[in-house]
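Worksheet: one structure, shown below.
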Amino acid sequence: MSTMKLEKLCFYSQAQSLSKRGIPLFDEDFQAWRNGPVSPTLFNLHRHLFLIHAGELDQFLPDGAPRLTDEEKTLIDVVCGQLASKTGNQLSERTHAEAPWRDARAGLSPADPCNRTIGKDSIARFYAANPVVR
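Each residue of the sequence shown is one higher than the one before, starting from 137 at the first, in my numbering.
Below, the structure written as structure tokens:
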């Protein structure tokens, strides 16, 4: 899949976890970049790539890294199952219409660079009222 699609599926999985379970899937934050939410930590792992293949980032997992629980795997499967047919650009456009990204970019034009954090509280509130998946 494209790295843009990977970023947006990770964002929506995080949003689903925050809004439905009240806890994040992972600690890293997302920033309100021009093309939608991006995790700088994840971006640094796939920098200079356009496509990412299954298992390609596994080498970056530290020894002893926590593994996903069955509940977390199911949550991710549900999000990806509902959104996998969308392109990275379509998912990016969706995030542009939603308050967490828009609010973090308040006062900026669409072309302006931005590294403002999209707060986990903002994500949790918005997606509790506007579910990622139905």
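Ideal Cβ positions, reconstructed from N, Cα and C, are used throughout, including at glycine.
For residue i, three-class secondary structure by DSSP
| i | result |
| --- | --- |
| Thr253 | strand |
| Leu185 | coil |
| Ser153 | helix |
| Ser138 | strand |
| Ser228 | helix |
| Asp248 | coil |
| Glu276 | As displayed, the chain neither begins before 137 nor continues past 270, which places residue 276 out of reach and without an answer. |
| Arg238 | helix |
| Phe162 | coil |
| Ala264 | helix |
| Val215 | helix |
In DSSP terms, what residue i is bridged to
| i | result |
| --- | --- |
| Gln167 | Val174, Thr253 |
Same chain only: Cβ atoms within 6 Å of residue i, ignoring 5 sequence neighbours per side
| i | result |
| --- | --- |
| Leu193 | Leu181 |
| Ser155 | Ala260, Tyr263, Ala264 |
| Asp165 | Thr253 |
| Gln218 | Val269 |
Contact belief for residue i with residue j at Cβ below 8 Å, rounded distance in angstroms
| i | j | result |
| --- | --- | --- |
| Thr240 | Arg230 | In the sequence as presented, Thr is not what sits at residue 240; that position holds Ala. Actually they do not touch by this definition, with Cβ atoms about 15 Å apart. |
| Glu143 | Ser175 | 7 Å |
| Asn171 | Ser228 | 5 Å |
Residues near residue i in its chain [Cβ-Cβ closer than 7 Å; skip 5 each side]
| i | result |
| --- | --- |
| Cys216 | Leu145 |
| Lys209 | none |
Neighbourhood of residue i by C-beta distance below 8 Å, restricted to the same chain and skipping five residues each side
| i | result |
| --- | --- |
| Leu187 | Met137, Ser138, Thr139 |
| Trp169 | Pro249, Cys250, Asn251 |
7 Å Cβ cutoff, residue i in contact with chain B
| i | result |
| --- | --- |
| Leu185 | Among the chains of the structure shown, chain B does not appear; only one protein chain is present. |
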